[in-house]
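Below is one structure, written out as C-alpha coordinates; the observations come after it.
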Amino acid sequence: MDLIRGGLVPYAEALAWQRRLVAARSAGEVPDTLLLLEHPPTITLGVRADPAHVLLSAEQLAGRGLALVASDRGGDVTYHAPGQLVGYPVLKLSHHGADLGRYVRTLEEVIIRTLADYGLVGERVAGLTGVWVHGGTAKICALGVRLSASGVTSHGFALNVAPDLAGFAQIVPCGISDRAVTSLEALLGTAPALVDVEQRVLAHFCALFGVTCEPRDTPS
17 MDLIRGGLVP
27 YAEALAWQRR
37 LVAARSAGEV
47 PDTLLLLEHP
57 PTITLGVRAD
67 PAHVLLSAEQ
77 LAGRGLALVA
87 SDRGGDVTYH
97 APGQLVGYPV
107 LKLSHHGADL
117 GRYVRTLEEV
127 IIRTLADYGL
137 VGERVAGLTG
147 VWVHGGTAKI
157 CALGVRLSAS
167 GVTSHGFALN
177 VAPDLAGFAQ
187 IVPCGISDRA
197 VTSLEALLGT
207 APALVDVEQR
217 VLAHFCALFG
227 VTCEPRDTPS
(Lines of atoms letter the chains of each structure in order from A and count residues from 1; the text may use other names and numbers.)
(Lines give C-alpha, C1' and ligand atoms only; values in the text may rest on other atoms or scores of the structure.)
Protein backbone atom coordinates (compact mmCIF):
# COMPACT_ATOMS: atom_id res chain seq x y z
CA MET A 1 0.00 0.00 0.00
CA ASP A 2 0.94 3.62 -0.42
CA LEU A 3 1.26 5.58 2.82
CA ILE A 4 0.53 9.31 2.89
CA ARG A 5 1.35 11.26 6.06
CA GLY A 6 -0.61 14.45 5.56
CA GLY A 7 0.06 16.39 8.74
CA LEU A 8 -2.66 18.89 9.70
CA VAL A 9 -5.22 18.91 6.86
CA PRO A 10 -8.60 20.70 6.72
CA TYR A 11 -11.39 18.13 6.67
CA ALA A 12 -12.84 19.27 3.35
CA GLU A 13 -9.42 18.99 1.71
CA ALA A 14 -8.88 15.47 3.07
CA LEU A 15 -12.35 14.53 1.84
CA ALA A 16 -11.40 15.71 -1.65
CA TRP A 17 -8.17 13.67 -1.44
CA GLN A 18 -10.16 10.57 -0.57
CA ARG A 19 -12.61 11.06 -3.42
CA ARG A 20 -9.77 11.41 -5.93
CA LEU A 21 -8.05 8.34 -4.53
CA VAL A 22 -11.27 6.29 -4.60
CA ALA A 23 -11.78 7.18 -8.27
CA ALA A 24 -8.16 6.37 -9.11
CA ARG A 25 -8.23 3.09 -7.14
CA SER A 26 -11.50 2.10 -8.82
CA ALA A 27 -9.86 2.67 -12.21
CA GLY A 28 -6.79 0.66 -11.21
CA GLU A 29 -4.55 3.71 -11.52
CA VAL A 30 -3.15 3.60 -7.97
CA PRO A 31 -2.63 0.89 -5.34
CA ASP A 32 -4.42 0.75 -2.00
CA THR A 33 -3.54 3.80 0.08
CA LEU A 34 -3.53 4.67 3.77
CA LEU A 35 -3.85 8.34 4.76
CA LEU A 36 -2.64 9.28 8.26
CA LEU A 37 -3.26 12.87 9.36
CA GLU A 38 -4.85 15.32 11.79
CA HIS A 39 -7.67 17.84 11.31
CA PRO A 40 -8.17 21.37 12.65
CA PRO A 41 -11.20 21.70 15.00
CA THR A 42 -14.10 20.37 12.91
CA ILE A 43 -17.54 18.90 13.49
CA THR A 44 -18.62 16.42 10.83
CA LEU A 45 -22.05 15.04 10.05
CA GLY A 46 -22.26 11.46 8.79
CA VAL A 47 -24.98 10.23 6.46
CA ARG A 48 -27.20 9.24 9.40
CA ALA A 49 -26.45 12.33 11.50
CA ASP A 50 -29.15 14.12 13.48
CA PRO A 51 -28.42 17.88 13.21
CA ALA A 52 -29.77 18.25 16.75
CA HIS A 53 -26.64 16.44 17.94
CA VAL A 54 -24.66 19.60 17.14
CA LEU A 55 -25.25 21.64 20.30
CA LEU A 56 -24.06 25.00 18.96
CA SER A 57 -25.79 27.45 16.66
CA ALA A 58 -24.24 28.51 13.36
CA GLU A 59 -23.25 31.78 14.99
CA GLN A 60 -21.56 30.01 17.90
CA LEU A 61 -19.70 27.70 15.54
CA ALA A 62 -18.44 30.66 13.56
CA GLY A 63 -17.44 32.51 16.72
CA ARG A 64 -15.35 29.58 17.88
CA GLY A 65 -13.73 29.07 14.48
CA LEU A 66 -15.27 25.61 14.17
CA ALA A 67 -15.84 24.13 10.74
CA LEU A 68 -19.06 22.15 10.19
CA VAL A 69 -18.82 19.71 7.29
CA ALA A 70 -21.35 17.25 5.86
CA SER A 71 -19.53 13.98 5.18
CA ASP A 72 -20.49 10.89 3.19
CA ARG A 73 -19.13 8.50 5.84
CA GLY A 74 -21.36 6.29 7.93
CA GLY A 75 -22.39 7.27 11.42
CA ASP A 76 -23.64 10.36 13.20
CA VAL A 77 -21.83 13.46 14.51
CA THR A 78 -18.07 13.42 15.20
CA TYR A 79 -15.54 15.98 16.42
CA HIS A 80 -11.99 16.26 15.09
CA ALA A 81 -9.12 18.31 16.50
CA PRO A 82 -5.32 18.38 16.58
CA GLY A 83 -3.98 15.62 18.81
CA GLN A 84 -6.29 13.07 17.22
CA LEU A 85 -4.70 10.52 14.87
CA VAL A 86 -6.99 10.04 11.88
CA GLY A 87 -6.60 7.12 9.48
CA TYR A 88 -8.34 6.81 6.11
CA PRO A 89 -7.66 3.52 4.29
CA VAL A 90 -8.61 3.67 0.61
CA LEU A 91 -8.51 0.05 -0.45
CA LYS A 92 -10.20 -2.46 -2.72
CA LEU A 93 -12.26 -4.47 -0.24
CA SER A 94 -12.32 -7.58 -2.45
CA HIS A 95 -8.57 -7.85 -1.86
CA HIS A 96 -9.10 -7.84 1.91
CA GLY A 97 -11.86 -10.34 2.54
CA ALA A 98 -14.77 -8.62 0.74
CA ASP A 99 -16.68 -8.33 4.04
CA LEU A 100 -17.43 -4.80 5.25
CA GLY A 101 -18.30 -5.90 8.79
CA ARG A 102 -15.07 -7.86 9.08
CA TYR A 103 -13.18 -4.86 7.72
CA VAL A 104 -14.58 -2.59 10.43
CA ARG A 105 -13.80 -5.17 13.13
CA THR A 106 -10.21 -5.35 11.79
CA LEU A 107 -9.84 -1.57 12.06
CA GLU A 108 -11.08 -1.83 15.64
CA GLU A 109 -8.51 -4.55 16.28
CA VAL A 110 -5.72 -2.27 15.02
CA ILE A 111 -6.69 0.24 17.71
CA ILE A 112 -7.20 -2.40 20.41
CA ARG A 113 -3.66 -3.72 19.82
CA THR A 114 -2.27 -0.18 19.81
CA LEU A 115 -3.89 0.51 23.18
CA ALA A 116 -2.44 -2.75 24.51
CA ASP A 117 1.03 -1.41 23.65
CA TYR A 118 0.37 1.28 26.26
CA GLY A 119 -0.99 -1.15 28.85
CA LEU A 120 -4.62 -0.26 28.15
CA VAL A 121 -7.55 -2.57 27.48
CA GLY A 122 -9.56 -1.55 24.43
CA GLU A 123 -13.03 -3.04 24.09
CA ARG A 124 -15.90 -3.39 21.67
CA VAL A 125 -19.48 -2.63 22.68
CA ALA A 126 -22.24 -4.78 21.20
CA GLY A 127 -24.33 -2.84 18.71
CA LEU A 128 -21.90 0.10 18.58
CA THR A 129 -18.91 0.89 16.38
CA GLY A 130 -15.55 2.07 17.65
CA VAL A 131 -13.16 1.24 20.48
CA TRP A 132 -14.01 1.82 24.13
CA VAL A 133 -12.38 1.59 27.55
CA HIS A 134 -13.52 1.27 31.18
CA GLY A 135 -16.10 -1.41 30.48
CA GLY A 136 -17.52 0.41 27.49
CA THR A 137 -18.26 3.62 29.39
CA ALA A 138 -15.84 5.84 27.43
CA LYS A 139 -14.98 5.94 23.73
CA ILE A 140 -11.38 6.49 22.69
CA CYS A 141 -11.66 5.84 18.97
CA ALA A 142 -14.52 6.59 16.58
CA LEU A 143 -14.99 4.70 13.33
CA GLY A 144 -17.03 5.54 10.27
CA VAL A 145 -16.51 4.13 6.78
CA ARG A 146 -17.91 4.29 3.28
CA LEU A 147 -17.84 1.69 0.50
CA SER A 148 -18.07 2.96 -3.07
CA ALA A 149 -20.12 1.28 -5.79
CA SER A 150 -16.85 -0.13 -7.12
CA GLY A 151 -16.01 -1.67 -3.73
CA VAL A 152 -13.37 0.82 -2.56
CA THR A 153 -13.32 1.97 1.06
CA SER A 154 -12.87 5.49 2.39
CA HIS A 155 -13.01 7.28 5.74
CA GLY A 156 -11.90 5.22 8.73
CA PHE A 157 -10.85 5.86 12.34
CA ALA A 158 -10.09 8.78 14.66
CA LEU A 159 -8.01 7.82 17.71
CA ASN A 160 -7.92 10.35 20.54
CA VAL A 161 -4.28 10.72 21.51
CA ALA A 162 -4.26 14.17 23.12
CA PRO A 163 -7.01 16.38 21.66
CA ASP A 164 -8.82 19.00 23.75
CA LEU A 165 -11.62 16.78 25.04
CA ALA A 166 -13.72 19.84 25.89
CA GLY A 167 -14.50 20.04 22.19
CA PHE A 168 -16.68 16.93 22.44
CA ALA A 169 -19.04 18.84 24.75
CA GLN A 170 -20.16 20.78 21.69
CA ILE A 171 -21.84 17.68 20.20
CA VAL A 172 -23.56 14.45 21.17
CA PRO A 173 -20.68 12.23 20.04
CA CYS A 174 -21.90 9.64 17.55
CA GLY A 175 -25.40 10.34 18.84
CA ILE A 176 -24.62 8.61 22.17
CA SER A 177 -25.44 10.79 25.16
CA ASP A 178 -24.78 8.43 28.06
CA ARG A 179 -21.12 7.55 27.49
CA ALA A 180 -17.97 9.64 27.86
CA VAL A 181 -15.11 10.39 25.46
CA THR A 182 -11.50 9.93 26.55
CA SER A 183 -7.96 9.95 25.20
CA LEU A 184 -4.58 8.30 25.66
CA GLU A 185 -3.43 11.43 27.49
CA ALA A 186 -6.33 11.24 29.95
CA LEU A 187 -5.84 7.54 30.58
CA LEU A 188 -2.04 7.59 30.88
CA GLY A 189 -1.68 10.92 32.67
CA THR A 190 0.67 12.16 29.97
CA ALA A 191 0.41 12.38 26.19
CA PRO A 192 2.51 9.93 24.19
CA ALA A 193 4.17 11.43 21.14
CA LEU A 194 1.79 11.35 18.19
CA VAL A 195 4.57 10.00 15.98
CA ASP A 196 5.02 7.06 18.36
CA VAL A 197 1.30 6.27 18.32
CA GLU A 198 1.30 6.57 14.53
CA GLN A 199 4.14 4.05 14.23
CA ARG A 200 2.33 1.57 16.46
CA VAL A 201 -0.95 1.97 14.58
CA LEU A 202 0.87 1.51 11.28
CA ALA A 203 2.65 -1.63 12.47
CA HIS A 204 -0.59 -3.25 13.62
CA PHE A 205 -2.43 -2.15 10.48
CA CYS A 206 0.21 -3.73 8.26
CA ALA A 207 0.25 -6.94 10.30
CA LEU A 208 -3.53 -7.36 10.38
CA PHE A 209 -4.07 -6.51 6.72
CA GLY A 210 -0.99 -8.40 5.54
CA VAL A 211 0.54 -5.44 3.72
CA THR A 212 3.62 -3.26 3.65
CA CYS A 213 3.29 0.52 3.35
CA GLU A 214 5.50 2.69 1.13
CA PRO A 215 5.53 6.44 1.90
CA ARG A 216 4.65 8.79 -0.94
CA ASP A 217 3.72 12.44 -1.43
CA THR A 218 0.31 13.90 -0.68
CA PRO A 219 -2.25 13.76 -3.51
CA SER A 220 -2.10 16.64 -6.00
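In this note's numbering, the protein residues as written are 17 to 236.
We put the beta carbon where it would ideally sit given N, CA and C, even for glycine.
The region 110 to 122 makes no contact with the region 180 to 188, as fewer than three CB pairs between them are under 8 Å. Annotation for Glu230: Met17, Asp18 and Leu19 place their beta carbon closer than 8 Å to its own, counting only its chain and skipping 5 residues before and after.
Rounded to whole angstroms, the gap between the alpha carbons of Asp92 and Gly44 is 31 Å. Taken through DSSP and simplified to helix, strand or coil, Val211 comes out as helix. Straight-line measurement puts the Cα of Ala32 at about 24 Å from the Cα of Pro189. Scanning its chain for C-beta atoms nearer than 8 Å, with the 5 sequence neighbours on each side dropped, one finds around Pro26 the residues His55, Pro56, Thr58 and Ala83, in chain order. Listed in chain order, the non-local C-beta contacts of Leu163 below 7 Å within the same chain comprise Leu109, Leu116 and Thr169, local neighbours out to five positions each way being set aside.
Counting only residues of its own chain and dropping the five nearest sequence neighbours on each side, Tyr95 has a CB closer than 6 Å to the CB of Ile59, Gly183, Phe184 and Ile187. In its chain, beyond the 5 residues on either side, Val177, Ala178 and Pro179 have a beta carbon closer than 6 Å to the beta carbon of Gly99. Counting only runs of 4 or more residues that sit fully inside the region 165 to 218, the alpha helix (DSSP H) segments are 200 to 204, in chain order.
The residue among Ala68, Glu29, Glu125 and Val213 with its C-alpha nearest the C-alpha of Leu200 is Val213.
In this structure, the CA atom of Gly22 is about 9 Å from the CA atom of Ala30. Between Leu52 and Val46 a beta carbon distance of about 17 Å is seen, past the 8 Å cut, so the two are scored as non-contacting.
If you compare the alpha carbons of Ala219, Trp148 and Gly81 with that of Val211, the shortest gap goes to Ala219.
Close CB contacts of Phe173 within its chain, under the 6 Å cut and outside five residues either way in sequence, are with Gly103, Leu123, Cys157 and Leu159 (chain order). Taking the Cα positions, Gly151 is about 17 Å away from Arg129. For Cys157, the three-state secondary structure derived from DSSP is strand. Distance from the Cα of Arg64 is smallest, within the candidate group Gln76, Ala39 and Ala86, for Ala86. Fully contained in the region 30 to 58 are the following beta strand (DSSP E) runs of length 3 or more, in chain order: 49 to 54.
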